[in-house]
Amino acid sequence: MCDDHAVGTAGAAGRPGVSRRRLLSGAAALGAAAAGAAAVGGCSSASPTVRDTAVDGLSGYSMAMHVHSSFSEQSGSMDSQLYQAARNAVDVLWWTEHDSRMLGMQYCQVVNFTTLNSRPGKGELVNGTLWQWVQRTSGPLAGVSIGGLVSHPVSPNDHNRQGSLQLTAQSLSTQPASYGYYANSQPAGWNYRDNLTGQTLHVDVLLRPGWREGYLELLINSSYHEATGGRPAGVYSLSYRFVPAGVAGGRSARGNTGVVTIPVKPGGRGGWYSAALSPADDIAALWPDVDSRDFALWELTLNAVSTGEQVSGYFGYLRFDRTKTGDAFLAQQLDMAARLARKYPTVAQRQGLEVSWKLPHMSWFANSVSMPDYTGITPQAYPEFMARTVVPHIHSIGGLVSYNHPFGYSFVMKLHSKPVQDKILKHLAAAMLPAKSVPAALGADMLEVGYPNREGVDLAHHIALWDIMSRNGAFLTGLGASDDHWGQNWYGSLNNWTTSVWAKSTAVPDLLKGLAGGRAWFSSLSGYQGSMDLVADGSATMGSVSVSPARSRKLTAFATHLPPSGSLQVVQGVVDYADHANITADRKIIGHYTTADLAPGAVTQTVDTSASSFVRTQILDATGQVVAMSNPIWLLRSAPPGGIPAARGA
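Residue numbers 8 to 657, in our numbering, belong to the letters of the sequence shown in order.
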């Protein structure tokens with residue numbers, strides 16, 4: 008267990024046996040990082056054999072700073088995310104779960120089966136929010152297979168007495184065939200997707216007579232885990248199978264699918280049977296070699312399944328009983344991380360939190376995190392709550408805040424047209440500039456920039472937003488991000504950016520110090536795996552704010568491991584505090600260097616500083632795509648209006 012509520016084993020010296028080479032010494036450029044073959048958590052790690060260090064002795068550590076697991080709304084697990092971090096030689100993984108999901112805010116408690124219409128804008132109101140029941144079928148179904156809402160029979164336990172879900176399936180052969188409905192809660196903010204620990208599902212079931220082979224099924228698709236115990240990597244599922252009385256019950260594991268067979272015993276009012284399902288307990292019994300706490304309720308489907316006979320029955324009065332929430336989940340995650348640290352020793356785990364009830368989402372990075380108190384906060388008051396309460400509190404305990412996916416959180420595969428992106432950029436930048444007593448970006452210290460496509464907005468517009476902030480003296484450390492919720496193939500993902508920082512170690516205070524000072528660069532996992540730095544006049548390092556009356560200054564740019572046929576560009580942008588009068592990114596390329604130019608390890612050029620500006624570098628691959636960026640140095644002729652942050656003094 009590391010200090011200050013951080014878990015993991017990587018320390019100041021990085022991985023055991025890793026040698027160090029100077030990045031900033033001006034010596035010959037380092038060779039390409041070799042792919043290691045050490046087994047890490049059952050995978051072949053791509054750990055570099057050389058860790059770059061700066062002349063001041065700081066080491067470069069790569070970080071995945073926006074990662075979700077089984078505590079958020081998709082199928083990722085802590086296990087699968089750590090596997091990806093180890094496989095991609097990422098040194099630090101920050102857990103940034105959604106606070107609203109850990110708190111279960113506005114989450115579903117009761118389903119009365121009132122409407123099955125899956126048309127857009129239609130569906131069942133669950134706790135005042137919309138679900139859409141989506142028909143799902145499989146196998147050779149006969150035409151008699153049907154389903155839908157009925158007003159009779161209704162479970163006697165349901166005081167609303169509104170309806171139940173009737174399902175009928177018949178296979179044309181002995182091959183299983185199913186007819187059912189998936190509970191799509193996306194319109195309701197995925198309001199049943201959460202961690203399964205401490206959760207019980209109650210459901211009432213009524214079987215129609217006349218069949219013995221087949222079953223009614225409540226199917227839970229849970230989290231993705233890596234290969235273990237002779238099972239392949241994949242999503243784990245629990246199939247709760249309700250069968251007629253007299254059919255044997257029991258629990259068995261069939262690879263990654265757990266089967267729990269439940270005979271429906273007669274005797275309930277109207278023949279209804281009430282079942283209490285405890286998925287985490289069943290997972291612990293079925294797969295004892297994995298941590299049963301690392302599983303989510305990801306997808307819920309209700310089916311009738313036939314192997315020849317006509318299977319028919321009803322589901323009614325579904326309830327969710329959650330006994331664990333909030334800070335208890337944060338404590339649980341720390342305990343789970345400590346256990347997983349033994350399996351993934353090369354990855355230092357750090358616990359953050361994504362404060363994300365409404366937009367904007369902002370991540371909390373500190374020695375410790377806790378749940379915000381949303382009592383009395385309305386959606387309209389949320390931004391002010393973040394700026395005046397949450398962000399100041401995080402700063403008061405020595406933490407940092409990032410402004411996440413600024414254009415939105417949806418994954419839209421098709422980019423908006425450039426004019427539309429330009430319009431969105433201008434509107435967002437105007438909203439993020441200082442207003443009255445609210446600071447830029449609501450007081451955040453960092454901004455997620457490295458997104459090739461988020462909410463239909465490309466990397467160029469993410470960079471432009473950052474440059475607009477830099478133009479106005481908003482000293483935001485740029486970050487690369489993935490916001491990964493799946494734990495599969497980080498390298499091949501579209502948004503696969505990580506952040507690297509110059510720091511003494513992977514201890515939280517050291518990482519935060521580097522981030523606060525902007526001593527960081529960010530890059531695509533598949534595009535660039537080197538190190539970057541900047542120094543002005545031999546003293547002002549990357550991320551710093553330097554004030555000088557000099558009309559020209561000397562800038563030295565460092566970069567290792569450029570991609571084949573790649574290049575490094577030096578970008579200069581004006582700093583004129585234009586605010587709303589000119590919401591554009593006024594910058595230009597003032598240097599362009601090839602791999603041959605960087606053979607000595609660095610390039611130096613004179614920069615015109617007759618006007619205040621910022622300078623940063625970016626790396627292009629052979630196709631001309633930006634694959635990495637340094638943070639800027641601000642070269643100012645006079646002190647900025649709000650002063651220079653202590654962490655950024657040159």
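For each residue, glycine too, the CB sits at the ideal point set by N, CA and C.
If we count the other Cβ atoms within 10 Å of its Cβ and call it buried at 16 or more, is residue i buried or exposed?
{"i": "E361", "result": "buried"}
{"i": "P570", "result": "buried"}
{"i": "V151", "result": "exposed"}
{"i": "I596", "result": "exposed"}
{"i": "Q495", "result": "buried"}
{"i": "R261", "result": "exposed"}
{"i": "L89", "result": "buried"}
{"i": "I404", "result": "exposed"}
{"i": "N134", "result": "Note that N134 scores 47 on pLDDT, short of 50, meaning its location in the model is unreliable and no value can be drawn from it."}
{"i": "D540", "result": "buried"}
{"i": "R594", "result": "buried"}
{"i": "N167", "result": "exposed"}
{"i": "A303", "result": "buried"}
By how many angstroms is the C-alpha of residue j removed from the C-alpha of residue i?
{"i": "A93", "j": "Y351", "result": "7 Å"}
{"i": "L223", "j": "V99", "result": "45 Å"}
{"i": "S531", "j": "D490", "result": "13 Å"}
{"i": "Y199", "j": "L284", "result": "15 Å"}
{"i": "D586", "j": "T144", "result": "56 Å"}
{"i": "D165", "j": "Q113", "result": "21 Å"}
{"i": "G196", "j": "R58", "result": "42 Å"}
{"i": "T204", "j": "H412", "result": "29 Å"}
{"i": "P516", "j": "M70", "result": "14 Å"}
{"i": "R655", "j": "G649", "result": "13 Å"}
{"i": "T264", "j": "L347", "result": "23 Å"}
{"i": "T548", "j": "A240", "result": "44 Å"}
{"i": "S574", "j": "L449", "result": "35 Å"}
{"i": "G217", "j": "E316", "result": "9 Å"}
{"i": "S454", "j": "Y188", "result": "A small fix is needed here, since residue 454 is Leu in this sequence, not Ser. For L454 and Y188, the distance between alpha carbons rounds to 40 Å."}
{"i": "T175", "j": "G221", "result": "11 Å"}
{"i": "S555", "j": "G83", "result": "49 Å"}
{"i": "S619", "j": "S553", "result": "10 Å"}
{"i": "S117", "j": "Y324", "result": "Note on residue identity: the sequence assigns Val, not Ser, to residue 117. For V117 and Y324, the distance between alpha carbons rounds to 7 Å."}
{"i": "L341", "j": "V622", "result": "40 Å"}
{"i": "S658", "j": "A338", "result": "A query on residue 658 cannot be resolved here, the shown segment of the chain reaching from 8 to 657 and no further."}
{"i": "G253", "j": "P270", "result": "7 Å"}
On the three-state DSSP scale, how would you describe residue i?
{"i": "H568", "result": "coil"}
{"i": "V297", "result": "coil"}
{"i": "F414", "result": "coil"}
{"i": "A41", "result": "Low confidence applies to A41: its pLDDT is 26, below 50, so where it sits in the model is not reliable enough to give any reading."}
{"i": "F621", "result": "strand"}
{"i": "G487", "result": "strand"}
{"i": "S538", "result": "coil"}
{"i": "Y68", "result": "strand"}
{"i": "W641", "result": "strand"}
{"i": "G278", "result": "helix"}
{"i": "S574", "result": "strand"}
{"i": "V318", "result": "strand"}
{"i": "R58", "result": "strand"}
{"i": "I431", "result": "helix"}
{"i": "G450", "result": "helix"}
{"i": "L172", "result": "strand"}
{"i": "V582", "result": "coil"}
{"i": "G521", "result": "helix"}
{"i": "L284", "result": "strand"}
Take residue i and list the residues in its own chain whose beta-carbon comes closer than 7 Å to its own, dropping the five residues that flank it on each side.
{"i": "I384", "result": "F392"}
{"i": "S87", "result": "Y231, H232, E233, G494, Q495"}
{"i": "S281", "result": "N164, H209, D211, G275"}
{"i": "C50", "result": "Here C50 scores only 38 on pLDDT, less than 50, and its place in the model is too uncertain to base an answer on."}
{"i": "A523", "result": "L407, D452, A654"}
{"i": "V157", "result": "G170, S171, Q173"}
Keeping to the same chain, check which residues put their C-beta closer than 6 Å to that of residue i; ignore five residues upstream and five downstream.
{"i": "A149", "result": "Q177, L179"}
{"i": "P446", "result": "none"}
{"i": "S507", "result": "G67, S69, W528"}
{"i": "R326", "result": "V117, H209"}
Quick check: does the Cβ of residue i come within less than 6 Å of any heavy atom belonging to the ligand SAH?
{"i": "V74", "result": "No copy of the ligand SAH occurs in the structure displayed, which carries no ligand at all."}
Which whole-angstrom value describes the C-beta separation of residue i and residue j, a residue pair presumed to lie in contact below a C-beta threshold of 8 Å?
{"i": "A471", "j": "I590", "result": "Rounded, the Cβ-Cβ distance is 10 Å, inconsistent with contact."}
{"i": "G457", "j": "N638", "result": "Not a contact, Cβ separation roughly 12 Å."}
{"i": "D289", "j": "R258", "result": "6 Å"}
{"i": "D559", "j": "D615", "result": "The sequence given here has Ser at residue 559, not Asp. Right, the Cβ-Cβ distance comes to about 6 Å (below 8 Å), so this counts as a contact."}
{"i": "W364", "j": "S107", "result": "5 Å"}
{"i": "V267", "j": "R248", "result": "7 Å"}
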